Every structure is written in structure tokens, then in C-alpha cells.
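Data block below; observations after.
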């Protein structure tokens, strides 16, 4: 069996928050991925989650500015019709199996899966329920 070649990694919200906080282990983890020539990206769903947190925070303007700077450095992967259908299937299938995941996680997984990318996350236990999704466990 051939090993899958990863060309682009979608970064989950938990990792993005660490980047915003300049957590060294996370910065090093993503730097190592980039050194391998892999593109770093995130989804519109993760951007939403970051902005939602910033608007609830006490340091709203400071956090919004930091998020915008971070987002500008990444490729933003958007949701298309293929991703929407995949998300609907994933969400329904997992509900039917009695293994539901959150709607945003289903959409995140579907976007990543439909593009053929890998997902860097600490939320491995939850997201491994999505068949075919390549996960990169983050430290």
C-alpha cells in the first residue's frame, strides 16, 4: 500500500489558539510541517470560531487584530457543494450509529476530506469517527 502524500494541512481551532498565544511546542510543530513543503491552511469554520471567541473576549480589538494577522498568513479553505453534501452524509451516518459529533466538526471534517487534505488537531478522539479523514495529532 502506498503512503499518502500530504500536500496541505488544515489547522484546527485548538492549534490556531495556541499559535495566537505563541505556544512554543505548537509553533515548532507547525514549523516542522512547513519545512516538509506542506502548505498550512484553515477553514472558514475555524475562522468563525476564532472570531466568535474574540467578540466575546475582554480584549476584543487586540484579539481581532491578532486573528486577522494569523488568518492572512494561512490559506482559507472554503466550503463548496461537495463539502456540504459530504458533511450532511457524515453527520447523518454518525447520528445513525449513535456516535454523533458536533455540526461544526462534521463540516470541518467534510471540507478537509473533500479537498484531500490532512487535519492537524488535538481533538483526535472525536474526529477519528469520520471515515477516511487523515488526522495529524498535535502536541
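In this note's numbering, the protein residues as written are 29 to 167.
Even for Gly, the Cβ is constructed at its ideal location relative to N, Cα and C.
Note that the structure is a prediction, hence the values are computed from the model and not measured.
Pairwise C-beta distances place the region 150–163 out of contact with the region 95–110, as fewer than three of them are shorter than 8 Å.
In this structure, 116 is the residue among 116, 32, 81 with its C-alpha nearest to the C-alpha of residue 138.
The C-beta distance from residue 37 to residue 73 rounds to 15 Å, too long to meet the 8 Å contact threshold. Within the same chain, 78, 82 come within 6 Å of residue 95 by CB-CB distance, once the 5 residues on both sides are set aside. The alpha-carbon separation between residue 134 and residue 123 amounts to approximately 11 Å. For residue 118, the enclosing alpha helix (DSSP H) has its first and last residue at 109–124.
A straight line joining the alpha-carbon of residue 163 with that of residue 107 spans about 19 Å. For residue 37, the beta-bridge partners assigned by DSSP are 68, 146.
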